[in-house]
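Peer 1:
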Amino acid sequence: MADEGETGRMLTVENLSIGFRTDEGRIDPVQGVSFSVDRGRTLGLVGESGSGKSISTKALMQLLPGTAILGEETRMRYRAKDGREVAVETLGRTGEEIRRLRGGEIGMIFQEPMASFSPVYTIGNQMMEAIRLHRGMRRREAREFAIEMLDKVGISNPRGRVDQYAHEMSGGMRQRAMIALTLSAGPQLLIADEPTTALDVTIQAQVLELMRGLQDDLGMGMIFITHDLGVIAQIADEVAVMYLGTIVERGPTREVIRNPQHPYTIGLLEAIPSLDTLTARLSPVPGDIPSPHARPRGCPFHPRCSKAIAGVCDTRAPVETRAEEGRAVRCWLYDEAGRSAA
Amino acid sequence: MSGETLIEVRNLEVRFPIVTKTLFRTRTVDLRAVDDVSFDIKRGETVGLVGESGSGKTTIGRAILRAIDPTGGEVIYHTATGDLDLAHASEAELQKIRPNLQMAFREGGVALHALAGEALRLFRPRMSLVFQDPYSSLNPRMTVRDIIAEPLVASGLMTKRDEIDARVREIAGRCKLNLEHLRRFPHAFSGGQRQRICIARALVSRPDFVVCDESVSALDVSIQAEIVNLLKDLQEEMGVAFLFIAHDLSVVAQMSHRVAVLYVGKFVEYAPTEKLFFTPRHPYTHALLSAIPQADPDAAFEPIRLTGEIPNPLAAPSGCRFHTRCPFAKERCSAEAPAWREVAEEHFVACHFAEEFDFSRRRG
Chain A
0 MADEGETGRM
10 LTVENLSIGF
20 RTDEGRIDPV
30 QGVSFSVDRG
40 RTLGLVGESG
50 SGKSISTKAL
60 MQLLPGTAIL
70 GEETRMRYRA
80 KDGREVAVET
90 LGRTGEEIRR
100 LRGGEIGMIF
110 QEPMASFSPV
120 YTIGNQMMEA
130 IRLHRGMRRR
140 EAREFAIEML
150 DKVGISNPRG
160 RVDQYAHEMS
170 GGMRQRAMIA
180 LTLSAGPQLL
190 IADEPTTALD
200 VTIQAQVLEL
210 MRGLQDDLGM
220 GMIFITHDLG
230 VIAQIADEVA
240 VMYLGTIVER
250 GPTREVIRNP
260 QHPYTIGLLE
270 AIPSLDTLTA
280 RLSPVPGDIP
290 SPHARPRGCP
300 FHPRCSKAIA
310 GVCDTRAPVE
320 TRAEEGRAVR
330 CWLYDEAGRS
340 AA
Chain B
0 MSGETLIEVR
10 NLEVRFPIVT
20 KTLFRTRTVD
30 LRAVDDVSFD
40 IKRGETVGLV
50 GESGSGKTTI
60 GRAILRAIDP
70 TGGEVIYHTA
80 TGDLDLAHAS
90 EAELQKIRPN
100 LQMAFREGGV
110 ALHALAGEAL
120 RLFRPRMSLV
130 FQDPYSSLNP
140 RMTVRDIIAE
150 PLVASGLMTK
160 RDEIDARVRE
170 IAGRCKLNLE
180 HLRRFPHAFS
190 GGQRQRICIA
200 RALVSRPDFV
210 VCDESVSALD
220 VSIQAEIVNL
230 LKDLQEEMGV
240 AFLFIAHDLS
250 VVAQMSHRVA
260 VLYVGKFVEY
270 APTEKLFFTP
280 RHPYTHALLS
290 AIPQADPDAA
300 FEPIRLTGEI
310 PNPLAAPSGC
320 RFHTRCPFAK
330 ERCSAEAPAW
340 REVAEEHFVA
350 CHFAEEFDFS
360 RRRG
């Protein structure tokens with residue numbers, strides 16, 4: 000599906016499907032998701048709650064819970080630092096190989112740093128553990144390296160801070176420390192799962208700027224998960240819009256936001272309150288997000304879509320059609336060449 | 000908006016004593032969560048309250064509602080007739096509250112901060128609150144009908160079952176809830192629907208004033224827009240005034256007629272929405288506005304660099320509280336607290352140099 004052979008491609012995910020067995024029957028929160036990440040580029044995953052954006056990236060590190068079932072056609076190819084290609088879907092949840100991948104190759108930052116740090120070890124202690132494991136440094140070396148990393152993410156007085164506990168820091172500083180911890184293992188792919196959602200806007204701006212700068216310095220690839228299209232517009236090169244476990248539209252961020260094609264993307268962009276039009280009434284997307292147990296047949300968005308075609312959208316799921324370079328949309332309104340069929 | 004003042008907040012102050020005990024002595028430090036805040040809310044108006052975490056937004060809302068007792072200042076509630084509506088109070092109740100009422104009446108308004116006991120209880124249905132998280136603010140063991148009816152029952156405003164039912168159905172209809180669903184339990188509803196239930200519960204006693212504390216922050220964007228529109232419609236229909244607390248400035252801009260910006264327990268700016276968002280006067284307001292990423296790839300995103308973090312309110316900086324992070328701070332700022340003054344019509348700012356700044360934004 001994706002263009003292979005392009006230089007710098009580090010991750011290709013094809014047909015990722017994840018199911019869960021629950022007491023109320025099987026649910027399929029992710030269905031046939033494909034995306035790829037290049038070195039030094041940022042892929043933004045946007046979607047509302049239950050769209051499957053977080054769980055898709057957890058599959059990349061084999062971090063799904065035991066009740067999860069990975070689809071048979073799922074392919075996840077990751078090019079490691081030493082040039083080998085790793086088939087992530089074949090790795091188990093334990094074992095040397097996946098452990099090398101977690102942290103050392105693919106790093107992850109979560110929304111709530113307080114929940115990610117251990118409350119009983121100092122920040123430095125937790126960083127040194129990662130550094131010694133992934134970089135093979137000695138204790139003293141690792142400590143110096145940890146201080147260096149804290150300095151790099153803009154924490155003042157890193158020599159003093161390294162011996163503090165997570166609860167002694169403010170929210171913004173904790174998230175910086177989390178970034179330092181993740182980067183200290185030296186990953187080449189960074190998965191950031193709503194890293195700024197819990198932060199105040201002025202602190203969010205600082206953290207976004209920091210992440211952009213670090214990416215430029217280190218040439219990492221990044222998957223940035225958020226529900227905020229404003230943040231996406233500022234940080235992502237490409238964007239994939241998810242709705243109920245499928246990518247409904249993807250393309251270069253600029254193009255997708257300037258000229259959205261899928262009715263859901265259009266609706267989402269119109270629903271965002273703007274700072275420039277204060278009196279205009281907001282236009283919400285009608286209806287509610289269905290529960291995973293009652294996933295609509297056909298196109299998952301059809302019950303909320305104003306352009307739904309009766310007899311088509313409610314019975315058959317649309318396939319992805321490709322339009323101009325790098326853009327794709329999954330909607331019956333667009334024909335093979337991605338032109339509007341309506 | 001009729002322009003008639005509903006609530007006057009004067010020099011409101013809320014302090015929380017923080018006690019630290021060591022082996023030999025106990026030290027008490029006051030945390031000034033809200034410090035000398037004054038503003039007014041008109042009938043049928045929405046006043047937005049923005050500020051970062053720990054700035055005291057929630058505390059102001061709760062102090063007005065008397066969920067927290069203010070430690071200083073006044074909150075005056077102007078009723079339409081200058082009198083408490085005690086039509087539903089029994090003779091015995093009236094006797095009980097009379098001494099308290101005399102103290103409470105002042106300048107044609109009710110001194111909310113001084114109300115106590117039975118009088119406060121009778122006053123409660125006039126004010127209400129919508130919380131942030133619609134999942135934790137609904138009792139899972141009550142039906143939707145009982146949840147919405149509870150304020151009526153608890154305040155004794157209504158006692159007859161059919162009367163209550165009629166009111167619940169009316170308000171549920173206004174909040175666009177399916178009347179068939181009134182017998183269900185909250186778990187059957189999505190986040191957006193739950194928030195409608197919360198709004199119906201807040202409005203069932205026909206209050207004049209509702210505090211919306213981050214009421215749309217936990218919702219998805221596509222749902223959020225619907226709730227914002229619903230609140231606006233209900234305000235138009237019922238003439239209720241909102242204190243709309245949120246950290247998201249763009250939502251506040253959509254909802255509010257006037258907006259106040261809070262920083263570490265103090266107001267830094269208060270102005271009609273249009274003025275505040277397009278011609279802000281305080282450097283902090285300007286920085287906040289510049290820090291919001293817009294969903295427009297061509298809009299320049301150059302947030303004003305605010306160095307450091309939000310100060311700890313236990314050790315608030317001297318002078319202007321913003322001086323430690325302000326890119327324009329001068330010597331005077333750390334020495335002398337700026338006065339709260341009106342720089343243009345209805346435009347209040349607390350900054351020594353407000354007149355010197357031009358932070359005007361281009362309209363898109």
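Order-wise, the sequence lines are chains A and B. Residues in the first sequence are numbered from 0 upward in steps of one, following numbering that gives the first Met the number 0. Residues in the second sequence are numbered from 0 upward in steps of one, following numbering that gives the first Met the number 0. All C-beta atoms in this analysis are idealised placements derived from N, C-alpha and C, irrespective of residue type, glycine included.
1) In angstroms, rounded to a whole number, what distance separates the CA positions of residue 203 of chain A and residue 124 of chain B?
2) Identify the residues that DSSP records as bridge partners of residue 15 of chain A: which are they?
3) Look up residue 211 of chain B in the DSSP assignment and give the residues it is bridged to.
4) Tell me whether residue 276 of chain B sits in a helix, a strand or coil according to DSSP, three-state version.
5) Report yes or no: is there a C-beta of chain B within less than 9 Å of the C-beta of residue 171 of chain A?
6) Please list, in chain order, all residues of the same chain as residue 194 of chain A whose beta carbon is under 6 Å from its beta carbon, the five residues on each side excluded.
7) Measure the Cβ-Cβ separation of residue 239 of chain A and residue 59 of chain A and say whether it is below 9 Å.
8) Answer yes or no: does any C-beta atom of chain B fall closer than 9 Å to that of residue 203 of chain A?
9) With 16 as the cutoff for other CB atoms within 10 Å, does residue 23 of chain B come out buried or exposed?
10) Can you tell me whether residue 288 of chain A is helix, strand or coil according to DSSP?
11) For residue 234 of chain B and chain A, any beta-carbon pair shorter than 9 Å?
12) Could you spell out where the alpha helix (DSSP H) holding residue 237 of chain B opens and where it closes?
13) In terms of residue numbering, what span does the alpha helix (DSSP H) encompassing residue 242 of chain A cover?
14) Taking Cβ to Cβ, would you say residue 149 of chain A is nearer than 9 Å to residue 78 of chain A?
15) For residue 130 of chain A, is the classification buried or exposed, using 16 other Cβ atoms within 10 angstroms of its Cβ as the cut-off for buried?
16) How long is the line joining the alpha carbons of residue 165 of chain A and residue 41 of chain B, rounded to whole angstroms?
17) Under the rule that 16 or more other beta-carbon atoms within 10 Å means buried, what is residue 114 of chain B, buried or exposed?
18) Just reading off the alpha helix (DSSP H) that residue 75 of chain B is part of, what are its end residues?
19) Alpha carbon to alpha carbon, how far is residue 325 of chain B from residue 349 of chain B? Give it in angstroms, no decimals.
20) In the structure shown, what three-state DSSP assignment does residue 261 of chain A receive?
21) Are the CB atoms of residue 73 of chain B and residue 9 of chain B within a distance shorter than 9 Å?
22) Give the straight-line distance between the Cα atoms of residue 328 of chain A and residue 338 of chain B, rounded to the nearest whole angstrom.
23) Hey, quick one: how far does the alpha helix (DSSP H) through residue 133 of chain A stretch, first residue to last?
24) My understanding is that residue 66 of chain A touches residue 235 of chain A, with C-beta atoms under 8 Å, so please give their C-beta distance in whole angstroms.
25) Residue 42 of chain B by DSSP, collapsed to three states: which one?
26) Kindly indicate which three-state DSSP category residue 306 of chain A falls into: helix, strand or coil?
27) Give the residues of chain A in contact with residue 224 of chain B, contact being defined as C-beta atoms less than 7 Å apart.
28) Throw me the rounded Cβ distance for the residue 399 of chain B and residue 315 of chain B pair, which I believe falls under 8 Å.
29) Can the beta-carbon of residue 29 of chain A be found closer than 9 Å to that of residue 244 of chain A?
30) Residue 232 of chain A CB to nearest chain B CB: under 9 Å?
31) On the DSSP letters alone, give me the boundaries of the alpha helix (DSSP H) that residue 168 of chain B sits inside.
32) Note down, in chain order, each residue of its chain lying with its Cβ closer than 6 Å to the Cβ of residue 343 of chain B, except the 5 sequence neighbours on either side.
33) Quick check on this structure: which residue in B:313, B:108, B:320 has the alpha carbon closest to the alpha carbon of residue 30 of chain B?
34) Between which two residues does the beta strand (DSSP E) harbouring residue 221 of chain A extend?
35) Tell me where the alpha helix (DSSP H) around residue 191 of chain A begins and ends.
36) How many whole angstroms separate the CB atoms of residue 201 of chain B and residue 250 of chain B, which I take to be in contact at a CB cut-off of 8 Å?
Peer 2: On the basis of the supplied data:
1) Residue numbering aside, residue 203 of chain A sits at position 204 when the first sequence is read from its first letter. Residue numbering aside, residue 124 of chain B sits at position 125 when the second sequence is read from its first letter. Going from the Cα of residue 203 of chain A to the Cα of residue 124 of chain B covers about 39 Å.
2) Here residue 15 of chain A refers to the residue found at position 16 when the first sequence is read from its first residue. Here residue 15 of chain A is bridged, per DSSP, to A:32.
3) Start at 1 with the first residue of the second sequence, and residue 211 of chain B comes out as number 212. Residue 211 of chain B has B:129, B:243 as its beta-bridge partners, per DSSP.
4) Locating residue 276 of chain B in the second sequence gives position 277, where the first residue counts as 1. Secondary structure of residue 276 of chain B (DSSP, three-state): helix.
5) Here residue 171 of chain A refers to the residue found at position 172 when the first sequence is read from its first residue. Taking Cβ atoms only, chain B reaches closer than 9 Å to residue 171 of chain A, which makes this a yes.
6) As a working note, residue 194 of chain A is residue 195 in the first sequence. Only 108 meet the Cβ criterion.
7) Translated into the one-based positions of the first sequence, residue 239 of chain A becomes position 240. Translated into the one-based positions of the first sequence, residue 59 of chain A becomes position 60. Not a contact, by the Cβ cut-off of 9 Å.
8) The residue given as residue 203 of chain A occupies position 204 in the first sequence. With its beta carbon less than 9 Å from one in chain B, residue 203 of chain A belongs to the interface.
9) Numbered from 1 along the second sequence, position 24 holds the residue referred to as residue 23 of chain B. Burial call: exposed.
10) For this step, residue 288 of chain A is matched to residue 289 along the first sequence. In this structure, residue 288 of chain A counts as coil in the three-state DSSP scheme.
11) Along the second sequence, one-based indexing puts residue 234 of chain B at 235. Residue contact check for residue 234 of chain B against chain A: no CB pair falls below 9 Å.
12) Within the second sequence, the letter at position 238 stands for residue 237 of chain B. That run of the alpha helix (DSSP H) goes 220-237.
13) As a working mapping, residue 242 of chain A is identified with position 243 in the first sequence. That residue, residue 242 of chain A, is in no alpha helix (DSSP H); its beta strand (DSSP E) goes 237-242.
14) Working through the first sequence from its first residue, we reach residue 149 of chain A at position 150. Working through the first sequence from its first residue, we reach residue 78 of chain A at position 79. Cβ distance not < 9 Å, so residue 149 of chain A and residue 78 of chain A don't count as in contact.
15) Taking the first residue of the first sequence as 1, we reach residue 130 of chain A at position 131. In this structure residue 130 of chain A is buried. Its beta-carbon is surrounded by 16 or more other beta-carbon atoms within 10 angstroms.
16) Sequence index remark: in the first sequence, residue 165 of chain A carries index 166 (1-based). Sequence index remark: in the second sequence, residue 41 of chain B carries index 42 (1-based). If I take the Cα positions, the gap works out to 44 Å.
17) Here residue 114 of chain B refers to the residue found at position 115 of the second sequence. With 16 or more Cβ atoms within 10 Å of its Cβ, residue 114 of chain B is classed as buried.
18) Taking the second sequence and counting its residues from 1, one reaches residue 75 of chain B at position 76. Looking at the DSSP string, residue 75 of chain B is not in any alpha helix (DSSP H); the run it does join, the beta strand (DSSP E), is 71-76.
19) Residue mapping note: residue 349 of chain B aligns to position 350 of the second sequence, counting from 1. Residue mapping note: residue 325 of chain B aligns to position 326 of the second sequence, counting from 1. Straight-line Cα distance between these residues: approximately 13 Å.
20) Locating residue 261 of chain A in the first sequence gives position 262, where the first residue counts as 1. When DSSP states are grouped into helix, strand and coil, residue 261 of chain A belongs to the coil group.
21) The residue labelled residue 9 of chain B in the question sits at position 10 within the second sequence. The residue labelled residue 73 of chain B in the question sits at position 74 within the second sequence. Cβ atoms of residue 9 of chain B and residue 73 of chain B: closer than 9 Å.
22) Taking the first sequence and counting its residues from 1, one reaches residue 328 of chain A at position 329. Taking the second sequence and counting its residues from 1, one reaches residue 338 of chain B at position 339. Rounded to whole angstroms, the separation of the alpha carbons of residue 338 of chain B and residue 328 of chain A is 56 Å.
23) Numbered from 1 along the first sequence, position 134 holds the residue referred to as residue 133 of chain A. That run of the alpha helix (DSSP H) goes 122-134.
24) Residue mapping note: residue 66 of chain A aligns to position 67 of the first sequence, counting from 1. Residue mapping note: residue 235 of chain A aligns to position 236 of the first sequence, counting from 1. About 31 Å separates the beta carbon of residue 66 of chain A from that of residue 235 of chain A, a gap too long to meet the 8 Å contact definition.
25) Within the second sequence, the letter at position 43 stands for residue 42 of chain B. Three-state result, residue 42 of chain B: coil.
26) In the first sequence, residue 306 of chain A corresponds to position 307, counting from 1. Reduced to three states, the DSSP call for residue 306 of chain A is coil.
27) Translated into positions along the second sequence, residue 224 of chain B becomes position 225. Residues of chain A passing the Cβ test: 270, 281, 282, 283.
28) The structure shown has nothing for residue 399 of chain B, since chain B only spans 0 to 363.
29) As a first step, residue 29 of chain A is located in the first sequence; it is residue number 30 there, counting from the start. As a first step, residue 244 of chain A is located in the first sequence; it is residue number 245 there, counting from the start. Contact: yes.
30) Residue numbering aside, residue 232 of chain A sits at position 233 when the first sequence is read from its first letter. Cβ-Cβ to chain B under 9 Å: yes for residue 232 of chain A.
31) Translated into the one-based positions of the second sequence, residue 168 of chain B becomes position 169. First-last of the alpha helix (DSSP H) with residue 168 of chain B: 160-173.
32) In the second sequence, the residue the question calls residue 343 of chain B occupies position 344. Counting only Cβ-Cβ distances below 6 Å, and skipping sequence neighbours, we find nothing.
33) Position 31 of the second sequence, counting from 1, holds the residue named residue 30 of chain B. Of B:313, B:108, B:320, the residue nearest in Cα terms is B:313.
34) Along the first sequence, one-based indexing puts residue 221 of chain A at 222. Element bounds for residue 221 of chain A: 220-225.
35) Counted from its first residue, the first sequence places residue 191 of chain A at position 192. No alpha helix (DSSP H) holds residue 191 of chain A; the beta strand (DSSP E) holding it covers 188-192.
36) Along the second sequence, read from residue 1 onward, the residue named residue 201 of chain B stands at position 202. Along the second sequence, read from residue 1 onward, the residue named residue 250 of chain B stands at position 251. Contact doesn't hold; Cβ gap of about 18 Å is too wide.
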